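Numbering-wise, the sequence shown is residues 1 to 220 according to UniProt numbering. Read through the structure below, which is laid out as structure tokens, and then see the notes.
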Amino acid sequence: MGQADNAIRRKEMETHKYGRTYHYPFSPGTTSDDRINKHYWQDIRLIPSLIHTEKLDGENNCLNRYGVFARSHAAPTVSAWTRQIRQRWQLIKNDLGDIELFGENLYATHSIEYRGLQQDFYLFAVRCKDMWLSWQEVQFYAALFDFACVPEVVQDVPRQTEQEYRSAILEQVGAWGVLRRTMYIPACHVPWKGLSPAMRLNSRWLSFPITYLSTCVKTM
């Protein structure tokens, strides 16, 4: 394969990584490095169907036709802790087409030690070409490729007033995770994050529509 062919191959493999998720202004445990969506209230009122999911503590991996990628999409990952998910990828790579699967890889232990999990890869987003798919479609592709989805924390949070919404979210933050019976929870709270429509519209890597007029809000 010549240099021109290699350049074309590298160009074809270029995909945008999953971007940073913004925090709510009232998220506990945020630091100066975190990005805050100060206009969250105006943004979420434009979303008809709002779903919060649990942010699991693992490595962000993307599975597409070219391989398994970590946070960087410069080249497929070859880390020892992605060996199992790379073996899974070998079984499905020819069926992915334009589909990119984004999930949390819990095979290696980070700050939370999960125990008794039936799987170690949990899907939280799916992209097809330049479109992030709806949560319903994420669940569809998870079932199609035999992956679990990250747990849903809460749906239909009251949004009559901003204070009511904030109180409902903070009540959930103080609760144990959905997987509480299978994992060790550190003493400190893990901050929640909210994905804003403004970020989806203004950031290049999220500048495309969401189908079904719905979105998944990733929380931490």
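Built from N, CA and C at the ideal position, the CB exists for glycine as well. These numbers come from a predicted model, not from an experiment.
Check: Would DSSP call Tyr-141 helix, strand or coil?
Finding: Helix, per DSSP.
Note to self: One question on the structure: do Trp-135 and Ile-51 come within less than 8 Å of each other, judged by their Cβ atoms?
What the structure shows: Yes, Cβ-Cβ distance for Trp-135 and Ile-51 is below 8 Å.
Check: Taking the C-alpha atoms as reference points, what is the distance between His-16 and Ile-112?
Finding: Rounded to whole angstroms, His-16 and Ile-112 show a C-alpha spacing of 28 Å.
Check: Mind checking whether Thr-53 and Val-153 have CB atoms under 8 Å apart?
Finding: Between Thr-53 and Val-153, the C-beta spacing is below 8 Å.
Check: For the putative contact between Phe-102 and Asn-60, defined by C-beta atoms under 8 Å, what is the C-beta separation to the nearest angstrom?
Finding: 7 Å
Notebook entry, point to check: With a Cβ-Cβ cutoff of 8 Å, do Tyr-114 and Leu-123 count as a contact?
Noted result: no
Next item on the list: To the nearest angstrom, report how far apart Pro-158 and Gly-19 are at their CA atoms.
Entry: 27 Å
Next item on the list: Taking all protein chains shown into account, decide if Ile-169 is buried (16 or more other Cβ within 10 angstroms of its Cβ) or exposed.
Entry: buried
Checklist line | Selection from Asp-156, His-73 and Lys-93 that minimises the alpha carbon distance to Pro-48 | finding: Cα-wise, what sits closest to Pro-48 is Asp-156.
Item checked: Pick from Val-150, Glu-137, Ser-79 and Phe-145 that is closest to Leu-56, judged by C-alpha positions -> Val-150
Notebook entry, point to check: From the DSSP output, which residues share a beta bridge with Glu-113?
Noted result: According to DSSP, which records beta bridges pairwise, Glu-113 is partnered with nothing at all.
Check: Leaving out five residues before and five after Ala-148 in sequence, what residues of the same chain have Cβ atoms less than 8 Å from its Cβ?
Finding: Gln-118, Gln-119, Phe-121, Tyr-122, Leu-123 and Ala-142
Notebook entry, point to check: Near Pro-25, what residues of its chain come up, given a Cβ to Cβ distance below 8 Å and the 5 sequence neighbours on each side ignored?
Noted result: Ile-36, Asn-37, Lys-38 and Tyr-40
Check: Do Asp-98 and Cys-62 have their CB atoms nearer than 8 Å?
Finding: no
Notebook entry, point to check: How many Å lie between Thr-82 and Gln-139 at the Cα?
Noted result: 23 Å
Next item on the list: Give the secondary structure of residue 221 by DSSP, where H, G and I count as helix, E and B as strand, and everything else as coil.
Entry: This structure gives no information on residue 221, because the portion of the chain shown stretches from 1 to 220.
Note to self: Could you check whether Asn-64 and Glu-100 sit closer than 8 Å to each other, using their CB atoms as the reference points?
What the structure shows: yes
Check: Helix or strand or just coil, what does DSSP make of Trp-192?
Finding: Unreliable placement is indicated for Trp-192, whose pLDDT of 37 sits below 50; the coordinate value is still reported in the next sentence. Three-state DSSP puts Trp-192 in coil, outside helix and strand.
Note to self: Which residues does DSSP list as the beta-bridge partners of Gly-67?
What the structure shows: Asn-64, per the DSSP bridge assignment.
Item checked: Straight-line gap, Ile-92 to Phe-145 (C-alpha atoms, nearest Å) -> 7 Å
Next item on the list: Whole angstroms is fine: what's the gap from Glu-162's alpha carbon to His-110's?
Entry: 34 Å
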